[in-house]
Each structure stands twice: as structure tokens, then as C-alpha cells.
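Note that the protein sequences, when read in sequence, are chains E and F. Each residue of the first sequence is one higher than the last, beginning at 40 in my numbering. Each residue of the second sequence is one higher than the last, beginning at 52 in my numbering.
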Amino acid sequence: MALIEARTPLAVEAGDGGRPSSPFGVLARPTASQTGWKSWFTSVDHKKIGIMYGMASLFFFIVGGSEALLIRLQLARPDNHVLSAALYNQVFTMHGVTMIFLVVMPLAAAFANYLIPIQIGARDVAFPRLNAFSFWCYLFGAIFFNTSWFLGGGADGGWFNYAPNSGVLFSRTHGIDFYAVGLIITGIASLVSAINLIVTVLNMRAPGMTLFKMPVFTWMTLVTQFLLLFALPVITVALFLLMFDRRFGSNFFNAANGGDPMLWQHLFWIFGHPEVYIMILPMFGIVSEIIPVFSRKPIFGYPFMVFSGIAIGFMGFGVWAHHMFASGMGPMSVTAFSLSTMFIAVPTGVKILNWLATMWGGRLKFTTAMLFAIGLVTMFTIGGLSGVTHAVASADTQQTDTYYIVAHFHYVLFGGSLLAMLGGFYFWWPKVFGYMLDETIGKWHFWIILIGFNLTFGPMHILGLQGMSRRYFTYSANQGFAFWNMVATIGAFTIAVSMLIFAANIWISRARHKRNPVEVGADPWDARSLEWIVPSPTPEYNFAEIPQITELDDFWYRKYGHDESGRLVRIAKTEDVVQQPGATGIHLPSPSYWPIVLAAGLPFVGYGIIFSLWWALLGGLITVAGFVGWVLEPSTDPEAGHDGHDHEPAPSAGPTEAASEDGAGGADDADSVPALAGAAAGSGAGPEGEQA
Amino acid sequence: MSTPSTRRRHAILRNAVAALALVAIFVAAGCGALRDDKGRPLNTLHPRGEQAQEIDDLITPVFMIAGVAFLFVEGGVLFLAWKFRRRRDDEDGVDEPVQTHGHVRLELAWTILPALLLAGIGVFSVKTIWKLQKAAADRSLMTVQVVGQQWWWEFRYDTDRDGKPDVITANQMVIPAGQMVRLEIRSNDVIHSFWIPELNGKKDAVPGRTHSWSIQAFKPGLYQGTCTEFCGLSHALMRMEVKALPRAEFDQWLQDQRKPATLPTDPTPDDAEDDSPVLAGFKTFQAQCATCHQLDGMTFDGKATDGAPNADYLHNRPAANRPNLTSGNAPNLTHLMSRNRFAGNLFDLYAKDGSVNTVNISSWIRNPGAMKPAAADEYRGMPTLGLDETQISDVVAFLSTLK
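Structure follows, in C-alpha cells:
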């Protein structure tokens with residue numbers, strides 16, 4: 040550890056100072072002085088990237104949510120004709136893929152990007168330009184995937200796209216090609232981001248922050264990145280094989296020509312089950328941050344929380360075939376996967392009970408964030424318990440591919456992931472944007488979404504056990520499914536109403552803040568972890584001074600100690616503990632055009648594979664240009680330090696340079712350089728933010 | 052001690068308990084109501100066969116344990132939220148919570164106890180897996196071959212065990228009641244899943260593989276089933292049913308099914324004017340429908356048959372005449388009218404009064420795509436043949452004779 044702790048975060052080598060920063064003389068390198076909307080395209084700031092991840096995922100949440108509403112409209116009544124069978128099959132496929140790959144995963148990435156560096160006391164991630172590349176790669180992959188709607192129709196084989204139904208013979212539109220290529224592109228984003236965050240967490244923690252002093256959210260996200268690292272290559276291989284089968288006539292999954300459709304199933308679920316934990320573990324982390332704060336108690340059993348998360352990560356790779364109990368595996372495989380699935384419930388149960396124990400004896404304050412966190416605890420429990428009933432393999436042959444499963448995973452992913460993320464929004468909003476979301480509207484949001492959610496997915500347990508299969512575009516009146524389907528549809532629109540309330544909350548709270556700015560302070564919730572020590576919104580450099588960590592919840596213990604009976608006593612005022620805005624002369628990585636250029640080439644390669652290889656050539660050229668430009672560009676602009684004074688100043692904020700004279704220094708040796716305080720308004724509002 | 056505030060608190064507690072009890076009663080009543088199959092033909096909670104019963108006996112206690120865990124956690128959250136809520140008069144810094152960081156023994160307990168409980172469930176689960184496997188592996192049992200294709204089910208009976216099917220039927224599988232029946236499940240195109248919820252769980256039909264499975268019905272009756280692995284466009288409309296008959300009736304049924312189709316003969320082959328509707332319908336059938344649909348014993352392509360069904364009806368034909376059907380198979384119509392429904396067990400063959408439902412059948416022949424989504428232009432599903440109204444009514448008249 041000594042090596043790591045001795046290192047100053049972000050002491051980035053500046054490279055050869057003499058090299059021009061625009062290798063082709065075409066693009067002048069963007070500088071940190073750029074603000075406004077343009078700066079977002081070249082930003083390598085983990086906070087801006089986190090915000091962009093969040094905004095993009097919310098956009099795709101609207102897309103996926105609209106698809107969900109269409110599904111519910113079609114199923115509201117028996118023999119309905121809102122959607123044709125062909126369109127319905129596309130809509131439910133796109134809904135699933137969108138929600139999993141374009142909403143929940145990137146939302147987790149949004150929280151991870153924004154929070155992890157601040158939670159561990161770093162000024163950015165380990166590879167800032169790669170981080171920007173991850174985001175653009177995700178965004179372009181997501182847009183590429185959704186353009187299939189306008190180019191012949193979406194994928195129509197279910198998010199799992201079982202072979203051979205996913206073959207060209209059975210799905211002649213390009214939908215599944217877009218699925219294969221689009222997910223390969225977004226997979227690159229996740230894989231790159233996983234490596235980036237792992238290196239960040241392992242190497243860039245503040246001095247004194249040993250692994251077991253990291254916040255639980257950081258821990259859970261770290262475990263998640265390892266899951267991504269090992270699971271994504273599997274799905275990428277599977278998607279390549281699928282793409283080869285479809286585009287180039289290979290026969291990996293074609294039984295008629297000696298391939299094996301079961302191969303796809305195994306590859307898909309070896310990725311697919313860890314994927315479930317990829318989507319839920321970060322949310323467990325969020326809840327583990329929120330509940331202690333509003334209970335005014337430390338997380339109960341920190342080591343158990345961490346180790347159960349790690350255990351879930353390991354065991355998550357050994358349960359995949361429980362998705363295949365009806366697929367015709369031998370009884371020995373069924374036995375093995377049935378048992379491993381049962382025991383993965385144990386670490387999950389530990390987490391639930393530890394959250395309850397955290398609340399025990401606390402002083403519970405029911406803020407909106409706390410309500411959403413408790414929402415995860417209660418709703419995820421239902422999903423977890425129905426999960427145990429699937430682990431009983433023989434019973435699962437009655438349940439699998441019915442609405443009972445649909446109910447189960449929505450209780451896990453909506454009642455778990457999404458509720459926790461909404462809680463995370465309410466919790467960290469003031470840190471990110473510098474103003475609070477309205478608590479009263481927030482509570483309406485919570486209760487209405489809770490009711491709507493249970494109305495939608497609760498009845499699906501009943502529908503499934505009464506024999507309604509998944510992925511049915513319609514059902515008949517005489518099958519007895521009509522009543523609960525209508526209830527579910529009403530519930531879905533209740534959820535839509537609650538999300539409109541959320542949108543209104545953002546709008547109203549923001550307008551109120553613009554009219555009448557109220558200083559929220561660094562620590563509005565009296566919280567525990569390190570992100571609350573920095574000003575709100577987080578300045579561009581995060582920490583004016585990297586804190587020395589001595590214990591878990593270090594920030595909390597700067598404010599509080601205990602008396603002899605173990606009760607909390609305040610030892611310092613929050614204002615005296617938190618960092619003040621307006622630090623100057625801190626080195627930060629320079630913005631760059633190349634991440635977005637490199638990422639922009641990939642969708643063209645995708646179009647090329649699907650339509651005409653000429654597009655692939657174009658995409659390849661863009662990507663290669665991106666690589667070359669990237670490689671030739673020093674990670675910190677050597678020019679940036681030299682002309683701080685005579686650089687044309689930003690209109691209203693005065694000098695805004697970031698880097699030092701020599702371009703190679705540490706964090707504290709360059710106060711001669713004017714501050715970047717102007718650019719520190721984390722919301723990107725422009726340089727007039729926080730001038731000291 | 053009985054201050055107004057504690058009395059109010061007790062009242063709240065009493066009300067809460069009463070409300071919980073009421074909810075519990077409703078849930079119990081609801082669960083009971085869910086168990087009958089009136090209007091719910093696919094109910095998994097209403098076992099009517101040995102395997103389904105076995106599964107139900109296994110899962111019911113698990114549901115109950117899950118219910119207890121549910122009440123424990125949800126009740127626990129409500130209790131904690133009520134008991135440890137921040138009160139109006141609470142002040143920061145005064146009487147703050149005791150800072151407990153954990154309790155290793157307690158946490159070990161709630162790690163180990165659930166693990167033991169799950170291990171207990173695991174023992175019964177594993178036992179059932181192997182028990183249900185036994186019948187499926189018993190080759191001495193009567194075997195029905197189940198073949199899935201987009202979007203209907205075919206059932207083949209090889210009564211003399213010579214490796215060639217003696218009866219090929221579609222949509223409705225007939226079995227003897229009370230007797231264990233082994234199934235060999237296959238697929239002709241994509242993955243399907245065979246499922247009769249009241250008799251047993253599901254088993255996938257995977258191309259290139261044969262999966263063994265078994266069903267048994269305690270009593271004679273009709274048991275509805277459906278495809279439950281997504282198989283493309285009309286996945287929702289790929290239904291089937293199992294008809295369990297008393298042994299003697301089953302034997303009779305088998306005997307009837309083994310007979311070739313009774314086909315009309317033409318006394319005046321040179322004169323088409325005097326043909327009866329049935330005969331005219333038969334001729335149209337031969338010219339159009341027989342390209343894909345088999346009638347046992349019908350001379351086709353100039354080849355007489357021995358009356359036994361041909362398992363490779365399409366493939367054994369000369370390439371020039373072979374329709375390019377993706378699944379390579381269409382329903383055998385030899386004893387069409389012995390079944391209840393057609394087209395993936397969707398549409399009634401008979402009207403309520405017992406007469407042939409000519410409306411359904413003629414609409415289907417007129418435009419099958421309007422009744423059930425299919426991809427006939429991609430050789431998946433029945434195409435629109437473009438017959439005129441007379442031809443259609445003739446074909447319906449002929450089909451009605453296929454008892």
C-alpha cells in the first residue's frame with residue numbers, strides 16, 4: 040500500500056513538452072478554459088461524464104418506458120390490437136435490451152463515475168480520456184441500436200435472442216444485427232470503463248484509505264467492475280458468433296448444419312446471470328450509503344456487507360444454468376445449478392438483515408432518499424424470495440418463461456435497482472447540482488411509484504402461476520388472464536405519472552434555485568462519506584486538498600465522536616471540517632477531442648457490417664484517426680501551462696487555466712498559475728459560478 | 052401509566068395488528084381461490100397429474116417459508132420505521148443513537164441459519180429432480196413423440212414400436228388416463244417448449260436434440276397446454292391440449308386413428324360437372340392442400356401408400372414438387388374432425404350445437420394470415436391459396452368428412 044499512498048493522485052506525466060498539441064494542425068486542442076455546451080464534448084472530467092451518463096440513461100429510460108407502456112396497452116385486454124404480433128415482438132425485445140443495457144447499466148456507471156473518485160479522495164479517474172471514450176462509445180452504441188427502428192425494425196427475438204430463432208432464416212429484418220453490433224459497441228464502453236474504475240479504486244485512493252476503509256458503494260462498484268471484466272468478454276464472443284452466423288453464413292448455432300443452439304444459451308447466460316448482479320450490486324451500495332446517514336448509525340457489519348458482496352460476485356458466475364432448467368440439461372447439471380442458486384440467496388439475505396440492523400436503534404429520518412432506499416429493501420426482498428422458489432428446479436419448470444419470472448425480475452430490477460437509483464438521485468442531487476430536489480414532491484413521487492410498481496408487477500406473480508407465458512402478444516378471454524392484466528396496465532400508467540412528477544420536481548426545484556439560490560453547503564444531509572467534504576456542487580478539482588484518511592466514514596468522525604456509552608457526540612462544526620471552494624492551481628487532465636472521434640467511428644463500422652462495407656471503411660478510418668490522434672496527444676496539454684496569462688480570457692470570469700508552468704508538477708506547487716475556479720461550477724453553468 | 056399518548060399508541064398498535072390480520076386473511080383466501088381452475092385452464096396451482104402434484108407438494112411449503120420470511124422482513128421494516136422514527140422533539144446532539152458497528156455472532160447466525168434452511172429445501176428439491184427424471188427415462192412406457200414447429204404441435208404414436216409412426220396427429224394429444232406416458236420432444240425449426248401446466252412442468256423442444264419427458268393424468272379430461280419458449284411471430288398462439296381417456300376408449304381411439312382416411316371416389320372421372328361438393332373439395336385438396344398436408348392412404352404424386360402416415364411426407368417427395376416449407380412439416384389432417392380445434396389449437400372445429408364450424412374453417416382457408424399472424428411469404432405458416440368461394444365451401448365439405 041505504501042507505494043499507492045505515497046503517490047499524489049493525478050500526478051500525470053505531461054509527456055514531451057515540445058510536441059504540438061494538434062498533431063495534424065487541424066484541430067487545436069480544446070483547453071480547460073472552454074465552457075458552455077461545447078466543453079461537454081471534449082470534457083474528460085469524471086463528473087461531467089457521470090452527469091452525461093445519467094442524462095443519456097434517463098433519455099433511454101423514457102424510450103424503454105414508452106415501450107413498456109405500449110406492451111401494457113396491448114395486454115390490457117384479451118385479443119387486443121394496439122400492436123401487431125410483429126411489432127409487439129420488437130417492442131418487448133427493445134424494451135428489455137434498452138432497460139438493461141441502455142438504462143440500468145449506464146445509470147450505475149453514472150453514479151460510479153461521479154462518486155467513486157470523490158469517495159476515495161481522488162481528483163479524477165485513472166484514465167480520464169478513456170473514461171470519456173467509454174461514455175461516447177455507450178451513447179453512440181445506444182443510438183446506433185435504436186436507429187434500427189428506422190432501418191427496417193427493431194430486434195424481435197427477445198433480449199436473450201435464442202438461436203436459431205435469432206438466425207436470418209427466422210428473423211429477416213436487420214433488428215438482430217443491430218442488437219449484435221450495438222451490444223458489442225456498448226460492451227466496449229462497459230469493459231473499458233470497468234478497467235478504468237478498477238485501476239482508479241486500486242491505485243488512486245487518498246492516503247490512509249485502505250481497502251477496508253472504502254465506502255460500501257465504492258466496494259460494491261468495484262466488485263461490479265470485476266463482474267463486468269469477466270462477463271462481458273463472454274457475451275462479446277457470443278455476439279460475434281451471432282453476427283457471423285447472420286451476416287457471413289457461419290453455422291455456430293445452426294443445428295441443421297452441425298451447430299448447437301444450446302451453445303448460445305450457455306454463452307448468453309454465463310454473461311447473463313452475472314449481469315443481474317452487475318445491475319443490482321451498485322444499488323446495494325447506494326442503499327448502504329443512504330440508510331446509515333438517515334439512521335445516524337454506521338452500517339451494521341461493514342465486513343459482512345463487503346464480503347457478502349464479494350461472495351455474490353463469485354457465486355454469480357456459478358448459477359447461470361438456472362435460466363435453463365427446462366432446456367434439457369441432464370439431471371446432474373440441474374441439481375448442481377439448483378443448489379448453487381439456493382445458496383446465492385444467503386449473502387443477499389445477509390445484506391437485507393444488516394440493513395434492518397442498521398436501522399435498529401437509529402434515529403430514522405424519512406427523507407425521500409431514505410424512503411427509496413427502504414423501498415429497495417422491501418421490494419427486493421420480494422424479488423429475492425420469489426428467486427428462491429425458482430431455485431427449486433422442478434418447480435421452476437412450472438414457473439420459467441411465465442409472468443411469474445417477469446414479476447420476479449422486475450421486483451429485483453425495478454423494485455431493487457431503479458428505486459435505489461431514484462433514491463440516489465434525491466440523495467446526491469445537491470452534491471451534483473448544488474440545489475435540493477423538493478422533498479414534498481419527492482415523497483409524492485415515492486409513494487405513487489411504489490403503488491404503481493406493486494400494481495404493475497404484483498399481479499404478474501398471479502398471472503404467471505395461473506399459466507400466462509411471457510412474450511405473448513395476446514391472450515384469449517377464456518384463459519382467465521384479463522383481470523390482472525388490466526390491473527397491471529393501470530399500474531404501469533401510475534408509474535408513468537410518478538415519473539412525470541419526478542420530471543416536474545427537477546424542473547420546479549431547478550427553477551426555484553435559479554430564482555432564489557439557496558446555499559446547500561457541502562454536507563446537507565449530515566452524511567458520512569468523503570464526497571460530502573467537498574463543496575456542492577463539486578468543484579472541478581474535487582479536493583482542494585487531498586484528505587488524510589484514518590478510518591471508515593472518516594468525514595463523519597471529523598464531525599462526531601462517541602461518549603462512554605457509545606452515543607454520538609459532536610466534536611466539530613461541519614463548517615469547520617468541510618473544504619472551501621475556490622482552490623487554485625490544481626493540475627487536471629486536459630480535455631481532448633479524440634475520445635469522441637474514436638467512438639464515433641464504431642457505429643459506422645456497424646452500419647458497414649449490416650448494409651455496405653464501404654461504411655465500415657469510413658468508420659474504420661475515423662477510428663484509426665482517433666487512435667493516432669489519441670496516441671500522439673499527451674494526456675496533459677503541455678501548452679496549457681505556458682500561456683495562462685495571455686490566453687484570451689473567458690468572457691466574464693477572468694483567467695481560468697488549469698495546468699502548471701512546467702506541465703509535470705504535483706498538486707501543490709503551482710499557485711502562481713491563476714485559478715480554474717471559474718470553471719468549477721460542476722453543473723456546467725459556466726464560468727461565473729464560484730469565483731473566489 | 053395510561054397517559055393519553057400511550058393509549059393512542061396502543062390504539063394504533065391494535066389497529067395495525069387488526070389490519071395485518073385482515074390482510075393475512077385476504078391473502079390466504081386469495082391463495083385458496085387461485086387454486087381452482089375455473090376459467091383458468093393453465094393454472095399451475097391446480098395439479099391434476101402425478102408430476103404436477105409432486106411439484107406442487109414440493110413448492111407449497113417453500114411458498115409458505117417464503118411467506119414467513121416476507122412477513123418477517125416487511126413487518127420488521129414497518130416496525131423499525133415506526134419504533135425508531137425521528138420524533139418531533141428529537142434534537143441533534145441530544146440522546147443520539149448508540150453507535151453499533153456490528154455483532155459478529157448475530158451476523159454469523161443469520162448467515163448460517165438461512166443456509167441450513169436452504170440446504171433443507173435443497174434436499175427435497177434434489178430428490179424431486181431425480182424422481183421426476185425416472186419416468187422420463189423409462190423406455191418401457193408408452194411413448195408419444197412430440198414435434199414442435201412454428202406455430203403448432205405434432206404428436207406421433209409408434210404403437211408397434213417398429214420405429215415408424217402409426218398415427219400422426221396435431222394439436223390434440225390423446226393419452227390413457229391414469230397411465231404414465233413418456234414423451235420424446237423434438238423441434239423442426241426453432242426452440243419451443245412443451246407445457247401442460249396441470250400435468251407437468253415444461254420441457255424445451257430444441258432442434259437437433261431429443262428430450263425425454265413424461266406426463267400422467269389422474270383422471271380422464273382435457274388439459275390445456277401451450278408453447279412457452281419464445282418461438283417467433285405467433286408464439287402466443289401455439290397451443291395444444293391433452294385429452295385423457297379411460298383405457299378402453301383410448302384403445303378404441305388408437306384403432307380409429309390407425310385407419311387411413313376415408314376418401315371419396317369419382318364414378319365418372321372424365322366429367323367434373325356432376326361431382327358432389329365433397330368430391331370437388333377432395334380434388335381441390337389434392338391439387339392444393341396435399342402439397343403440404345398429408346392424408347394417410349391418399350394417392351399423391353402417383354404413389355399409392357399402405358395407409359400408414361409418412362413421417363417425412365414433404366422430404367420424400369421429388370424436389371420439383373417439394374414445397375419450401377421451413378419446418379418441413381404441416382399438420383396431418385387424416386382424422387382432422389376427431390380433434391376439437393385447429394391451427395395451433397386455436398379455433399373450434401365444431402360450433403356449440405355440435406355442427407361443423409364451417410365459418411371458422413372457411414375463414415381460415417380464405418385468409419389464414421388474418422386469423423393468426425404467420426410469415427407465409429417466408430414459408431412459415433399457411434399461405435393464402437386464392438381459392439374462390441365455391442372451392443372453399445367444397446374443401447370445407449370435404450374436410451368435414453375426415454372423422
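We treat Cβ as the ideally placed atom computed from N, Cα and C, and that holds for glycine. Please read these numbers as outputs of a predicted model, since none were measured by experiment.
If you follow the beta strand (DSSP E) that residue i is part of, which residue opens it and which one closes it?
i      : result
F:E292 : 290-296
E:A566 : From DSSP, E:A566 is part of no beta strand (DSSP E); its letter is neither H nor E.
F:P227 : 223-227
E:G600 : 599-601
F:S265 : 262-266
F:E158 : Run containing F:E158: none in the beta strand (DSSP E); it sits in the alpha helix (DSSP H), 155-188.
F:I236 : 232-238
E:W571 : Neither: E:W571 is in no beta strand (DSSP E) and is coded neither H nor E.
F:A256 : 254-256
E:R162 : Unbroken run through E:R162: none, as it is neither H nor E.
F:F245 : 243-246
F:Q196 : 193-200
E:L415 : It is not in any beta strand (DSSP E) - E:L415 instead sits in the alpha helix (DSSP H) that spans 407-430.
Measure how close the beta-carbons of residue i and residue j come, nearest whole angstrom, since I'm counting them as under 8 Å.
i      : j      : result
E:H471 : E:I90  : In the sequence as displayed, the identity of residue 471 of chain E is Val instead of His. Going by Cβ atoms, the distance from E:V471 to E:I90 rounds to 7 Å, so yes, they are a contact pair.
E:F666 : E:A655 : Wrong, their Cβ atoms sit about 16 Å apart, outside the cutoff.
E:R402 : E:R335 : 5 Å
E:P300 : F:I242 : 6 Å
E:T260 : E:L236 : 7 Å
F:F114 : E:T428 : 7 Å
F:G100 : F:Q267 : 5 Å
F:L109 : F:F175 : 6 Å
E:V358 : E:H312 : 6 Å
Tell me whether residue i counts as near the ligand SAM, meaning its Cβ is closer than 7 Å to at least one heavy atom of that ligand.
i      : result
F:Q201 : Ligands displayed in this structure: none; no statement on the ligand SAM is therefore possible.
Might you give, ordered along the chain, the residues of its own chain that have their beta carbon closer than 6 Å to the beta carbon of residue i, omitting 5 neighbours on each side?
i      : result
F:H344 : A381, L384
E:M133 : E106, G193
F:W204 : M291
E:H684 : Residue confidence is low: E:H684 scores 40 on pLDDT, short of 50, so the model does not pin down where it sits. Its coordinate-derived value is still stated next. Once the five neighbours on either side are set aside, E:H684 has no close Cβ partner at all.
For residue i, collect the residues of the same chain with a Cβ closer than 7 Å to its Cβ; drop the 5 residues on either side in sequence, then sort them by chain order.
i      : result
F:D397 : Note that residue 397 of chain F is Leu in the sequence shown here, rather than Asp. Around F:L397: L288, R290, K423.
E:W394 : V326, I330, V416
E:G64  : Confidence at E:G64 is low in this model, with a pLDDT of 43, below 50, so the placement of that residue is unreliable and no value is reported for it.
F:E440 : none
F:Q442 : T335
Which residues mark the beginning and the end of the alpha helix (DSSP H) in which residue i is found?
i      : result
E:L250 : Run containing E:L250: none; DSSP gives neither H nor E here.
E:Q264 : 255-287
E:Y514 : Where E:Y514 is concerned, there is no enclosing alpha helix (DSSP H), given that its DSSP letter is neither H nor E.
E:F113 : Residue identity check: residue 113 of chain E is Gln in the sequence provided, not Phe. Here the alpha helix (DSSP H) through E:Q113 covers 85-114.
F:C282 : Counting along the chain, F:C282 falls outside any alpha helix (DSSP H), and DSSP gives it neither H nor E.
E:V345 : 341-354
E:I136 : Note that residue 136 of chain E corresponds to Val in the displayed sequence, not to Ile. Segment 124-136, the alpha helix (DSSP H) holding E:V136.
E:T239 : 214-242
E:L306 : 300-334
Once you ignore the five residues that flank residue i on each side, which residues in its own chain have a CB closer than 8 Å to its CB?
i      : result
F:F407 : At residue 407 of chain F the sequence reads Val, which differs from the Phe that was named. Correct list, in chain order: M388, L400, Y401, V447, S451.
E:A384 : G423, G426, V427, A430
Any contact between the region 311-325 of chain E and the region 131-144 of chain E? By contact I mean 3 or more CB pairs, one from each, below 8 Å. yes
Check whether the region 419-435 of chain E and the region 94-110 of chain F touch, using three or more Cβ-Cβ pairs below 8 Å as the test. yes
I want to know whether the region 440-454 of chain E touches the region 498-507 of chain E - three or more CB-CB distances under 8 Å. yes
With contact counted as at least three CB pairs below 8 Å, one residue from each stretch, are the region 174-185 of chain E and the region 275-291 of chain E in contact? no
Touch check for the region 248-260 of chain E and the region 334-354 of chain E: three-plus C-beta pairs under 8 Å? yes
Any chance the region 635-642 of chain E sits against the region 596-613 of chain E, with 3 or more Cβ pairs inside 8 Å? no
Secondary structure, alpha helix (DSSP H): runs of 4+ residues fully inside the region 617-677 of chain E: 633-649, 652-671
Stretch-stretch touch, CB-based, cutoff 8 Å, three pairs: the region 540-553 of chain E with the region 474-493 of chain E: yes
Any contact of the region 128-143 of chain F with the region 265-283 of chain F, i.e. 3+ C-beta pairs under 8 Å? no
When you compare the region 462-471 of chain E with the region 146-165 of chain E, are there three or more beta-carbon pairs, one atom per stretch, that lie closer than 8 Å? yes
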